[in-house]
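First comes the structure, then the notes that go with it.
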Amino acid sequence: MSAFASARHLLPFCAALASALCATPASSAEPVDIELVLAVDVSLSMSPEELEIQRHGYAAALTHDLVLRAIADGAYGKIAVTYVEWAGSNWQRVIVPWTAIAKRADAERVVEQLNAHPPDSARRTSISGALEFGSDLFAESGFQGVKRVIDISGDGPNNQGAPVNLARDIVVSQGITINGLPLMTRGGFTGAYDVNDLDRYYSDCVIGGPGAFMIPVNDWTQFPEAIRRKLVLELAGPGSPQWAADEAAHPPMVRAQDKPIVDCQVGEKMWRDRSWMFDSR
1452 MSAFASARHL LPFCAALASA LCATPASSAE PVDIELVLAV DVSLSMSPEE
1502 LEIQRHGYAA ALTHDLVLRA IADGAYGKIA VTYVEWAGSN WQRVIVPWTA
1552 IAKRADAERV VEQLNAHPPD SARRTSISGA LEFGSDLFAE SGFQGVKRVI
1602 DISGDGPNNQ GAPVNLARDI VVSQGITING LPLMTRGGFT GAYDVNDLDR
1652 YYSDCVIGGP GAFMIPVNDW TQFPEAIRRK LVLELAGPGS PQWAADEAAH
1702 PPMVRAQDKP IVDCQVGEKM WRDRSWMFDS R
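Heads up: take any position in the sequence shown, counting from 1, add 1451, and you land on my numbering.
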């Protein structure tokens, strides 16, 4: 067989091989130290001023020197974040899509997206819906994190959607850690659906997974510092010197409880008992 004929016979094989190689997706997920969903409550119990405080608090934290240093100290020196606002069980909005942060310029781009549109607001409070939505976001992140974490902040208990502790357990079973920021600020339109110990509710019913913790906010002036602390601790990890120093200097920081003592459906029960009131949360 001539060299020309041999080459002619090889052409279909080479074409098929090239097609197969092109059709086989390479592992294109970008490695990062943590994939982080920032899930922020925008239910009607939050006043417009409080919604702005939340936005500004996250913006300040993401560009804080200590946070940027914690990012740089990671194995990959890079994290991936997405910012989500949530209210009722079917109301979640991605404000900032998945974005890598390795340096200040990256963080500032996230802040620009946060500032592009004012925060919206909606009825009811579904922590379980936010957790379910947040867990689904990891499948489309385009990143491969050493850790996957949902940060959830809110000013009241779950009162719509699946029971929050069941949603938490499903999310944790996927290898995702849930950390919390209970806002015990007693602001907004009504306090009818508040619980007295929202921090205990978050500890027993919301947070979970390896190293899970929550930091309560008792006054809005504490919010920016609480966000900064939480981000640094998540990036550093529970075995780090930063964690031990912060835990000693800024109590309380509550870890997840093994045996809950709070009724995890207290929000749903309050909603049923007060269904005649203004549907705000």
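Yeah, the Cβ is synthetic: ideal placement off N, Cα and C, and Gly gets one too. Given the structure is predicted, the values throughout are model-derived calculations rather than measurements.
Beta-carbon contacts of R1506 that lie in its chain and below 7 Å, excluding the five residues immediately before and after: By the criterion of a C-beta distance shorter than 7 Å, R1506 is surrounded in its chain by L1565 and P1570, once the five residues flanking it on both sides are discounted.
What residue does the alpha helix (DSSP H) around E1500 start on, and which one ends it? It spans P1499 to L1513 - the alpha helix (DSSP H) in which E1500 sits, taken as one unbroken run.
Which residue marks the beginning of the beta strand (DSSP E) containing V1600, and which one marks its end? For V1600, the enclosing beta strand (DSSP E) has its first and last residue at F1594 to G1605.
State the start and end residues of the unbroken beta strand (DSSP E) segment that holds D1451. Residue 1451 cannot be examined here, being either before or after the span of the chain that is shown, 1452 to 1732.
N- and C-terminal bounds of the beta strand (DSSP E) containing P1548: Unbroken beta strand (DSSP E) run through P1548: Q1543 to I1552.
Taking Cβ positions, are S1577 and S1540 nearer each other than 8 Å? For S1577 and S1540, yes; Cβs fall inside 8 Å.
Using CA atoms only, rank isn't needed, just tell me which of I1627, N1647 and I1629 is closest to P1635. Sequence check: residue 1635 is Met here, not Pro. Residue N1647 is the option with its Cα nearest to M1635.
Tell me which residues share the same chain as G1593 and place their Cβ nearer than 7 Å to its Cβ, disregarding the 5 neighbours each side in the sequence. If we look at G1593 and ignore the five residues flanking it on each side, its Cβ neighbours are A1480, E1481 and W1549.
Put L1495 into one of helix, strand or coil per three-state DSSP. Three-state result, L1495: coil.
Could you say which of L1588, L1632 and N1616 lies nearest to G1605 if we only look at CA atoms? Nearest option by C-alpha distance: L1632.
Within 10 angstroms of its Cβ, does A1526 collect 16 or more other Cβ (buried), or is it exposed? So A1526 counts as exposed.
E1685, enclosing alpha helix (DSSP H) - first and last residue: Where E1685 is concerned, the enclosing alpha helix (DSSP H) stretches over F1674 to A1687.
Round the Cβ separation of K1529 and A1553 to the nearest angstrom and send it over; I've been treating them as touching at under 8 Å. Confirmed, about 4 Å.
Expressed to the nearest angstrom, what Euclidean distance is found between the alpha-carbon atoms of E1583 and I1546? Computed Cα separation, rounded: 17 Å.
DSSP three-state assignment for V1657, whether helix, strand or coil: Here V1657 sits in helix by DSSP.
Is G1585 closer than 8 Å to A1490 when the C-beta atoms are compared? Contact: yes.
Could you give the distance in angstroms between the alpha-carbon of T1533 and the alpha-carbon of D1714? The alpha-carbon atoms of T1533 and D1714 are separated by roughly 31 Å.
Please name the residue, chosen from F1674, P1661 and D1602, that lies closest to W1537 on a Cα-to-Cα basis. Across the set F1674, P1661 and D1602, the C-alpha of D1602 shows the shortest separation from the C-alpha of W1537.
Roughly how many angstroms separate the alpha carbons of L1588 and T1672, rounded to a whole number? C-alpha separation (whole angstroms): 31 Å.
To the nearest angstrom, how far is the alpha carbon of L1495 from that of V1622? About 26 Å.
Determine whether the beta carbon atoms of A1551 and A1531 lie at a separation below 8 Å. It is a contact, given that the beta carbons lie within the stated cut-off.
Compute the distance between the beta-carbons of M1665 and D1650, then report whether it is under 8 Å. A contact, by the Cβ cut-off of 8 Å.
Using the Cα positions of P1608 and L1502, report the straight-line distance between them to the nearest angstrom. Rounded to the nearest angstrom, the two C-alpha atoms are 18 Å apart.
Taking DSSP as the reference, what is the three-state secondary structure of V1713? In this structure, DSSP gives V1713 a state outside helix and strand, which the three-state scheme calls coil.
Please classify N1630: is it buried, with 16 or more other beta-carbons within 10 angstroms of its beta-carbon, or exposed? The residue in question, N1630, is buried, as its Cβ has 16 or more Cβ neighbours within 10 Å.
Using beta-carbon positions only, say whether A1618 and S1579 come within less than 8 Å of one another. By the CB criterion at 8 Å, A1618 and S1579 fall inside the cutoff.
Could you check how far apart the C-beta atoms of V1600 and E1685 are, in whole angstroms? I think they sit under 8 Å. V1600 to E1685, Cβ: 6 Å. Contact.
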